[in-house]
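Numbering (my numbering), first residue to last: 104 to 143.
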Amino acid sequence: MKINFNLLKIKSIEISSAIIVRGLFDYSYVRIIDDIAIFS
104 MKINFNLLKI
114 KSIEISSAII
124 VRGLFDYSYV
134 RIIDDIAIFS
């Protein structure tokens, strides 16, 4: 049971960090598009 719990914790950490990284990429991507829209 303890091993399963540790695996679950690792999985949830992986998922949450993946979501954070994706959010950062989406944010910078939107910022770049906004800058292009403003400057063009």
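Where is the CB? At the ideal position from N, CA and C, for every residue including glycine.
**Item:** S120 versus F142: straight-line alpha-carbon distance, rounded
**Value:** 33 Å
**Asked** Between D129 and N109, what straight-line distance do the alpha-carbon atoms span, to the nearest angstrom?
**Response** 30 Å
**Prompt:** Where L127 and K112 are concerned, what is the direct C-alpha to C-alpha distance, given to the nearest angstrom?
**Reply:** 23 Å
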